[in-house]
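In case it helps, the working numbering puts the sequence shown at residues 99 to 246. To keep things clear, I will list the structure first and then write my remarks on it.
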Amino acid sequence: MKFETHIVVSTCVSGALYAVFRSWELALSAWIAGVLVDLDHVPDYLIQFGPRLDIPRFFNSFPEGEYNRIFILLHAWEWLPIMLAVSWVTGWNPWLLGWLVGHSQHMILDQVGNRAGMFTYFLLFRARNRFVSRKCFREYPRNGIEDR
Numbered sequence: 099m100k101f102e103t104h105i106v107v108s109t110c111v112s113g114a115l116y117a118v119f120r121s122w123e124l125a126l127s128a129w130i131a132g133v134l135v136d137l138d139h140v141p142d143y144l145i146q147f148g149p150r151l152d153i154p155r156f157f158n159s160f161p162e163g164e165y166n167r168i169f170i171l172l173h174a175w176e177w178l179p180i181m182l183a184v185s186w187v188t189g190w191n192p193w194l195l196g197w198l199v200g201h202s203q204h205m206i207l208d209q210v211g212n213r214a215g216m217f218t219y220f221l222l223f224r225a226r227n228r229f230v231s232r233k234c235f236r237e238y239p240r241n242g243i244e245d246r
């Protein structure tokens, strides 16, 4: 899913949360989580291309199939039950609950909008497939990528 889409959807979700619950903490946390989950693409980019800062390439390298391996450690369904439990234990702390909502909507958008199979966004599935891009993402462009 495009970064811009995450910004727009996170803004709408956060606005709705604020309108319903009147909690700026909940709304802000949901927005931050909905957008900043994508920071886990930075280590993948650095592993693949080294420390060369090329913003257009950063945003286009995943859709164009330039990664041999994709780790994206925050993009994992396994985090949601953990966040749900922590939110519950802390009495539904608005910062934690907002993070849960934002992370959830981000994951749903990526699951539906990317070349994701049913298990792609399970960290354990990607680990089992050694994080090889073509094994983890269906129809991932080949571009000479090896299965090493």
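A virtual CB, placed ideally from N, CA and C, is assigned to each residue, including glycine. Small disclaimer: the values here were computed from a predicted structure and weren't measured.
Tell me whether the beta-carbon of residue 195 lies closer than 8 Å to the beta-carbon of residue 185.
In terms of Cβ geometry, residue 195 and residue 185 form a close pair [threshold 8 Å].
Whole angstroms are fine: how far does the CA of residue 140 sit from the CA of residue 225?
18 Å
With a threshold of 8 Å, are at least 3 pairs of Cβ atoms found where one atom belongs to the segment 178 to 193 and the other to the segment 213 to 228?
No: the two stretches stay apart, fewer than three of their Cβ pairs being nearer than 8 Å.
Where does the unbroken alpha helix (DSSP H) through residue 120 begin, and where does it stop?
Counting along the chain, residue 120 falls outside any alpha helix (DSSP H), and DSSP gives it neither H nor E.
Could you spell out the range, first to last residue, of the alpha helix (DSSP H) harbouring residue 233?
231 to 234
Return the chain-ordered list of same chain residues with a C-beta closer than 8 Å to the C-beta of residue 122, the five sequence neighbours on each side being excluded.
116
Would you identify the three-state DSSP class for residue 113, choosing helix, strand or coil?
helix
Near residue 109, what residues of its chain come up, given a Cβ to Cβ distance below 7 Å and the 5 sequence neighbours on each side ignored?
For residue 109, where only same-chain residues beyond five positions count, the Cβ hits under 7 Å are 129.
Which one of 169, 148 and 107 has the shortest CA to CA distance from residue 137?
The option with the nearest alpha carbon to residue 137 is 169.
I'd like the span of the alpha helix (DSSP H) that includes residue 183, first residue to last.
In the DSSP assignment, residue 183 falls within the unbroken alpha helix (DSSP H) covering 177 to 187.
Is residue 231 closer than 8 Å to residue 165 when the C-beta atoms are compared?
yes
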